[in-house]
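Novice: Protein chains in written order, with the working numbering: chain B, 1 to 218; chain P, 1 to 218.
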DNA sequence: CCACTCTGTCACCGAGCGGTGAATAACAAG
DNA sequence: CTTGTTATTCACCGCTCGGTGACAGAGTGG
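1. Comparing the C-beta of residue 105 of chain P with each C-beta of chain B, is any distance below 9 angstroms?
2. Confirm, please, whether the CB-CB distance from residue 72 of chain B to residue 144 of chain B is below 9 angstroms.
3. By the criterion of Cβ-Cβ separation under 8 angstroms, what are the contact partners of residue 47 of chain B in chain P?
4. Taking all protein chains shown into account, do 16 or more other C-beta atoms lie within 10 angstroms of the C-beta of residue 154 of chain B, making it buried, or fewer, making it exposed?
5. Got a sec: which bits of the region 120-141 of chain P sit with their beta carbon under 8 angstroms from any beta carbon on chain B, in order along the chain?
6. Quick one, which of B:170, B:169, B:81, B:107 has its alpha-carbon nearest residue 141 of chain B's?
7. In chain B, which residues lie less than 8 angstroms from residue 166 of chain P when you measure between Cβ atoms?
8. Measuring CA to CA, which of P:47, P:41, P:199 is closest to residue 136 of chain P?
9. I want to see whether chain B comes within less than 9 angstroms of residue 50 of chain P, judged by CB atoms only; does it?
10. Using beta-carbon positions only, say whether residue 201 of chain B and residue 209 of chain B come within less than 9 angstroms of one another.
11. Could you tell me which of B:40, B:102, B:56 sits nearest to residue 29 of chain B, measuring between CA atoms?
12. Buried or exposed for residue 149 of chain B, going by 16 or more other Cβ atoms inside 10 Å?
13. Just list the residues that DSSP pairs residue 194 of chain B with in beta bridges.
14. Run through DSSP, which three-state label would residue 120 of chain B get?
15. With a threshold of 9 angstroms between beta carbons, is residue 150 of chain B in contact with chain P?
16. Taking all protein chains shown into account, decide if residue 97 of chain B is buried (16 or more other Cβ within 10 angstroms of its Cβ) or exposed.
17. Would a C-beta distance cut-off of 9 angstroms place residue 165 of chain P and residue 213 of chain P closer than the cut-off?
18. Consider the Cβ of residue 58 of chain P: report whether some Cβ of chain B lies at a distance smaller than 9 angstroms.
19. Name the residue from B:42, B:95, B:113 whose alpha carbon lies nearest to the alpha carbon of residue 174 of chain B.
20. Taking Cβ-Cβ distances shorter than 8 angstroms, what residues in chain B pair up with residue 226 of chain P?
21. Check the Cβ of residue 194 of chain P against every Cβ in chain B and list those closer than 7 angstroms, keeping chain order.
22. State yes or no: is the beta carbon of residue 7 of chain B nearer than 9 angstroms to at least one beta carbon in chain P?
23. As a quick exercise: from P:68, P:32, P:66, P:65, pick the residue whose alpha carbon is nearest that of residue 52 of chain P.
24. With DSSP as the reference, label residue 22 of chain P as helix, strand or coil.
25. Residues in the same chain with beta-carbon distance under 7 angstroms from residue 101 of chain B, minus the five sequence neighbours each way, listed in chain order, please.
26. For the alpha helix (DSSP H) containing residue 141 of chain B, list its first residue and its last residue.
27. Would you mind sorting residue 1 of chain P into buried or exposed? The rule is 16 or more other CB atoms within 10 Å of its CB.
28. Give the range of the alpha helix (DSSP H) segment to which residue 63 of chain P is assigned.
29. Within 10 angstroms of its Cβ, does residue 86 of chain B collect 16 or more other Cβ (buried), or is it exposed?
30. Determine the chain B residues that contact residue 216 of chain P at a beta-carbon separation under 8 angstroms, and present them in chain order.
31. Residue 188 of chain B versus chain P: which residues are under 8 angstroms apart at the beta carbon?
32. Listing by chain order, which chain P residues have their CB less than 8 angstroms from the CB of residue 118 of chain B?
33. Compare the C-beta of residue 44 of chain B with all C-beta atoms of chain P and state if any pair is closer than 9 angstroms.
34. Let me know the secondary structure DSSP gives residue 89 of chain P once reduced to three states.
35. Quick check: what's the CA-CA separation for residue 124 of chain P versus residue 138 of chain B?
36. Can you tell me which of the three DSSP states residue 55 of chain P falls into?
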């Protein structure tokens, strides 16, 4: 018969520990995933080597080995980001015919608004961009804006903005408005006194946005 | 007899030390000033008890004693902030007659744009607002938005927005655009591909902004 | 078997952080 | 001078951070 106290020293919880296998590729992926998850959920404030290693369940040394430190890891995130636009934003016209530049910008605005609202990682990166000017964030920023510009170019097709309007400047304003309003909503459910909690609030915001676009581009 | 190595401990640079006088009010002010300067110049990232004390040239203990810690200090900054609007933004119409709501919003946009561009502290606070949701930043945020709302109300006078336009939502968008574009410019001299370095660039941005306002409000 | 590489872990370092208890120095009142 | 109050500094704590060198073990080739 087995003694009662033998229970404490048997197999030593072998089954529980999830034996870590030797697999570099998987570990690298785990680190990258942990980094993205951490950045998305906690923001850039507490984003560091120790936190990522903790999140990935491995030693931080591996981050140095495989990515050359935090910088390299951020760069890897940036590379991943290149596919963000193509993943999250539809590349077609959603079955509509975009006859005018106004049609195009209205649709682009709505797509970008929804995509940004749905992606916490992207939001955190945008917030990071306007808060700091380190080498790290500059890399991220560049990757993001490049992907975005490509997407817009692709959607634009042969449509051209009306004469007499500085489309680049106006569009920068529109995208700035979208980014800021989404960021503000994410942290405080409002922006400049405008509530942004439920779907109805966002309807109003979207309508206002469309109103602005149409006011400029007709 | 005095040992030779006693020389190292004599007068101890008395004359150099700039004798600190006992003056609580002055010290409190020094702390508050240091805090604002530090936040404006370095941003919220490295904003902490130690840094503020170092900047004020006093011991951090005094911050606990006089302000009850960082929270209290931030609150004091918020109180100060109440007077920001009245200090930095003219309260009159600049000699113009604001006949329509469009006139009003155009002028408000320009004033707010210039004021924000000129005030690094305010910019840092806005960036902080969209990056974090701590108790501290919520206090600041509240003070800022309250002051801003009061200013707008005061400027508005009896002018009313045109029917059929959700002015609150549209204005939130406009202010969001201004804030984001100024923040982005402050860290990277550009926003969404639009260069924002010299006065000429800002002219274009301002024109685009006015175009948007006029597009909605006529 | 050995020797070697590759993956992963551990222990440690110096520095900075927020926070606290006790000492010290200037002034005021008696 | 003595006593007490108030402004200011100092010394220290525990913790986390980024970073590094040494080590353990699995796999691989001879």
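Don't be surprised by glycine CBs; every beta carbon is placed ideally from N, CA and C.
Quantities reported herein were computed from a predicted structural model and do not represent experimental measurements.
Specialist: Per the coordinate set shown:
1. no
2. no
3. Within 8 angstroms Cβ-Cβ: nothing; residue 47 of chain B doesn't reach chain P, min ~11 angstroms.
4. Answer is exposed; the Cβ neighbour count stays below 16.
5. 127, 128, 129, 130, 131, 132, 133, 138, 141
6. B:81
7. 204, 207, 208, 211
8. P:47
9. no
10. no
11. B:56
12. exposed
13. B:191
14. helix
15. no
16. Under this definition residue 97 of chain B is an exposed residue.
17. no
18. no
19. B:113
20. Residue 226 of chain P is absent from the model: chain P starts at 1 and stops at 218.
21. 168, 169, 172
22. Its pLDDT being 40, under 50, residue 7 of chain B is placed unreliably by the model, and the measurement read from it follows with that caveat. So no, residue 7 of chain B is outside the interface.
23. P:32
24. Here residue 22 of chain P carries a coil assignment [DSSP, helix/strand/coil].
25. Its chain contains 159, 160, 161, 162, 217 as the residues whose beta carbon lies nearer than 7 angstroms to that of residue 101 of chain B, once the 5 sequence neighbours on both sides are disregarded; these appear in chain order.
26. 135-156
27. Confidence in residue 1 of chain P is poor, its pLDDT being 41 and thus under 50, which makes the residue's placement too unreliable to answer from.
28. Where residue 63 of chain P is concerned, the enclosing alpha helix (DSSP H) stretches over 61-67.
29. In summary, residue 86 of chain B is exposed, with fewer than 16 beta-carbon neighbours lying within 10 Å of its beta-carbon over all protein chains present.
30. The answer, in chain order, is 211, 212, 215.
31. Residues of chain P with a Cβ closer than 8 angstroms to the Cβ of residue 188 of chain B are, in chain order, 129, 133, 138, 141.
32. Simply none; closest approach about 17 angstroms.
33. yes
34. coil
35. 18 angstroms
36. helix
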